[in-house]
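To start, the structure under review is shown below, and the notes come after it.
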Amino acid sequence: MTTRPPLPPFTRESAIQKVRLAEDSWNTRDPGKVALAYAIDSRWRNRSEFVNGRDEITTFLSRKWVKELDYRLIKELWAFTGNRIAVRFAYECHDDSGHWYRSYGNENWEFRRRLINRES
Numbered sequence: 001m002t003t004r005p006p007l008p009p010f011t012r013e014s015a016i017q018k019v020r021l022a023e024d025s026w027n028t029r030d031p032g033k034v035a036l037a038y039a040i041d042s043r044w045r046n047r048s049e050f051v052n053g054r055d056e057i058t059t060f061l062s063r064k065w066v067k068e069l070d071y072r073l074i075k076e077l078w079a080f081t082g083n084r085i086a087v088r089f090a091y092e093c094h095d096d097s098g099h100w101y102r103s104y105g106n107e108n109w110e111f112r113r114r115l116i117n118r119e120s
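All residue numbers for the sequence shown refer to the working numbering, where the first residue is 1 and numbers rise by one.
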């Protein structure tokens with residue numbers, strides 16, 4: 001397992017940098033690359049779907065980005081303390097019929113001592 005600086009405890013500047021790095025990674029739309037930023041046993045909830053672990057994250061994102069074309073994400077630091085960061089986000093994409101969609105939400109990240117994002 002590798003560490004991905006910046007590392008906790010976070011300052012305002014390092015928390016902003018961590019959020020920006022996550023945004024950049026997601027905007028590559030590379031499921032394997034995005035999944036590597038999360039712990040092997042990460043747990044996600046996306047609407048009514050529960051995703052557990054990197055393999056399921058990769059599968060989930062692959063399926064997501066086949067349908068959500070020209071996906072573009074913006075993440076913004078909402079709050080932080082110690083080893084936790086709260087993020088709000090907005091993304092937009094279109095389907096294969098050309099209909100555009102925009103979604104908003106928030107994420108709560110908690111980092112372990114080994115510094116891989118555990119929950120989203």
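The beta-carbon is built from N, C-alpha and C at its ideal position, and this holds for glycine as well.
Going by C-alpha positions, VAL66 is about 11 angstroms away from HIS94. For ASP70, same chain residues with a beta-carbon under 7 angstroms away, outside a window of 5 residues either side, are CYS93, HIS94 in chain order. If you draw a straight line from the Cα of ASN27 to the Cα of PHE80, it is about 23 angstroms long.
Closest option to HIS99, judged by alpha-carbon separation, among ASN106, GLU68, SER62: GLU68. VAL34 is a Cβ neighbour of LEU61, given a cutoff of 8 angstroms.
Each of GLU107, ASN83, GLY53, LEU7 was checked against the Cα of GLU76, and the nearest Cα belongs to GLU107. It is roughly 28 angstroms from the alpha-carbon of THR11 to the alpha-carbon of GLY32.
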